[in-house]
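First up is the structure itself, then whatever we jot down about it.
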Amino acid sequence: MKLHFKYSLTFTILILSIIFILSGVLASQFRTSMLEMSRTSAETMENKLLEQFEERGGILTRNLVENIINPLYKYDMETMYEITKAVKKQKDIKYIYVYDRKGKIIHDGTKTISFFNSELSDGIRKLSVKSQKFLIQHLEDDILDISSPVMLSDERIGWVKIGLTLKRMKNDIRNMSGQLNTIHNKMVQHNFYTILFTSLGLSFLGIALAGFIGRNLSRPLIKLNSALEMVTKGDLTNIVKVKSSDEIGSLANSFNKMTRDLQQTTVSRNDLLKEIEMRKNTEKRVKSLANILEESLNEIYIFDAKTLKLILVNKGARLNLGYSMEEICNLTPLDLKPEFTAQSFAKMVEPLYEDDKKKIRFETVHRRKDGSLYNVEVYLQNSTFQSIPVFVAIILDITERKKGEKELLKVQKLESLSILAGGIAHDFNNILAGILGMVTLSRISINKENKAYINLKDAETAILNARNLTQQLLVSGGVKML
């Protein structure tokens, strides 16, 4: 009996020792695995969120560069304001700056442009503006600073800079890390007591129970880890389904909220890309229309309705006048129309000020740069150019038409003179016929030896010659001979 007790006690102690050793090893491995999982999960979340922030900032910066090229080149402050304002509405945008080629701020996305024509005093930010390439920096004040040069062809015409605050992301990471640590500590403590009490039972039952408990405790974290891996691959539709209301459930809810926020950010980015694409298409249509007007065979002028300063003149007009765009933009229509004074021109366009839909047509002459003149037909009407009231003049060079009209008038005059000459010749021919008849009768009635006969014969010859001339006039005048 004592031996049985001794062996039983020995085996019991041995089994209990093995159980406690195995339990200690299992507890140590569990704790190590949980620490590694928590650390890996936290690092993965932080790296992925930071990578997505950098990617998002890069997309915003590149899109801003593409859309700001023309407004920056033309110094179009209104368009730059609309573009930067749209970008500044995005989440986490701390600041946005547009620099000119000298490194001066010309827009900051606000209506008042508080930093206009100034430079940032911070050395790192100032250095990033001078960079010749796309640059991403992590600044000490939790700012992701992204800058890029704006290039037109091979020329740098300025820079853009966007700052994204990392505070919201870091707060999310801290909250999730804290929740992971809390869960880890509670799980380690809970697992320790579980292993301790189950080790007092049967070895196989304790081991099976410990494995069962371990699996039950680790399953939610495995789900979270799997979902996190899916997020790192770009799948933001994965939702962690955990029914518990403890810290694990809270962590799952936080994770689901994070994925929904990322989905909204992605949707906002897609909407921004669509808007940018629409703006690109609109810009292409505007460029096409501008090319059509520039290459038009008619002369097209746009000038300020108040100052009369020429704003835009198409290629055909510049070639005909002999001026460059820079030269002609310093002129007014009065410099091109010598027939008008300031008073007469103002009186002529007065109806356009009274009626926006009124159109005026008139003919005048234009003076080229070399002083030569040419006839034009002008069609003048109201319009608006970049929110400025302007007059649009479509002008036809009618020099050839005027020459044709002069030639036609000359022909008509000659034709009238021919008809008049023909009528006179017809009447004169009738008179000559009467004279010829009387001379002929007088000659017949006189003796050929008589000197008067010879004179009448000469007179008859002269009358016949005169009659031939009148017949030629009648033919040229279009009068039929009888």
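For this note's numbering, add 13 to where a residue sits in the sequence shown, where the first one is 1. Note that the Cβ used here is the ideal one computed from N, Cα and C, for glycine as well.
Does the distance from the C-beta atom of residue i to that of residue j stay below 7 Å?
i: Leu-306; j: Asn-327; result: yes
i: Glu-428; j: Leu-409; result: no
i: Tyr-392; j: Arg-374; result: yes
i: Ile-156; j: Gly-176; result: yes
i: Tyr-466; j: Arg-456; result: yes
i: Ile-411; j: Ile-448; result: no
Shortest alpha-carbon distance to residue i belongs to which of the options?
i: Tyr-366; options: Val-403, Gly-384, Leu-334 and Arg-414; result: Val-403
i: Thr-320; options: Leu-286, Ile-467 and Phe-358; result: Phe-358
i: Glu-242; options: Phe-316, Thr-57 and Gln-42; result: Thr-57
i: Asn-80; options: Ile-149, Tyr-94 and Glu-67; result: Tyr-94
i: Phe-66; options: Asn-76, Glu-413 and Met-182; result: Met-182
i: His-120; options: Glu-68, Val-100 and Leu-39; result: Val-100
i: Ile-149; options: Asp-368, Lys-423, Glu-68 and Asp-105; result: Glu-68
i: Ser-131; options: Leu-35, Ile-118 and Thr-483; result: Ile-118
i: Gly-71; options: Leu-449, Lys-382, Leu-422 and Asp-158; result: Asp-158
i: Met-90; options: Thr-123, Ile-186 and Ile-106; result: Thr-123
i: Gln-394; options: Leu-179, Val-362 and Val-378; result: Val-362
i: Gln-42; options: Glu-413, Ile-208, Lys-350 and Lys-415; result: Ile-208
i: Lys-350; options: Cys-342, Glu-376, Gly-335 and Ser-337; result: Glu-376
i: Val-163; options: Leu-179, Gln-202 and Pro-84; result: Pro-84
i: Gly-450; options: Phe-441, Glu-462 and Glu-473; result: Glu-473
Got a sec, what are the start and stop residues for the alpha helix (DSSP H) residue i sits in?
i: Gly-329; result: 328 to 334
i: Ser-357; result: 355 to 367
i: Glu-91; result: 90 to 101
i: Ile-341; result: 338 to 341
i: Pro-346; result: 346 to 349
Applying the criterion that 16 or more other CB atoms from any shown protein chain within 10 Å of the CB defines a buried residue, is residue i buried or exposed?
i: Lys-419; result: exposed
i: Glu-312; result: buried
i: Pro-346; result: buried
i: Ala-355; result: exposed
i: Val-111; result: buried
i: Lys-174; result: buried
i: Met-271; result: buried
i: Leu-48; result: exposed
i: Asn-204; result: buried
i: Ile-109; result: buried
i: Ser-46; result: exposed
i: Ile-137; result: Unreliable placement is indicated for Ile-137, whose pLDDT of 47 sits below 50; the coordinate value is still reported in the next sentence. When all chains shown are included, Ile-137 counts as exposed.
Given residue i, which residues of its chain have a CB within under 6 Å of its CB, disregarding the five upstream and five downstream residues?
i: Leu-264; result: Gln-192
i: Leu-3; result: Missing from the structure shown is residue 3; the chain here goes from 14 to 495 and no further.
i: Ile-437; result: none
i: Lys-371; result: Pro-364 and Leu-365
i: Ile-459; result: Ala-465 and Tyr-466
What residues in its chain sit with their C-beta under 8 Å from that of residue i, if we drop five residues either side in the sequence?
i: Leu-165; result: Ile-82 and Tyr-86
i: Ser-127; result: Asp-121
Suppose the cutoff is 7 Å on Cβ atoms and the five residues either side in sequence are ignored; what does the same chain contact list for residue i look like?
i: Asp-317; result: Ile-324, Ile-401 and Val-403
i: Gln-397; result: Note that residue 397 is Thr in the sequence shown, not Gln. Result list for Thr-397: Val-403, in chain order.
Going by DSSP, what residue range makes up the beta strand (DSSP E) through residue i?
i: Lys-115; result: Note, Lys-115: premise wrong, no beta strand (DSSP E); not H, not E.
i: Lys-319; result: First-last for Lys-319: undefined, no H or E at that position.
i: Glu-376; result: 372 to 380
i: Thr-397; result: 386 to 398
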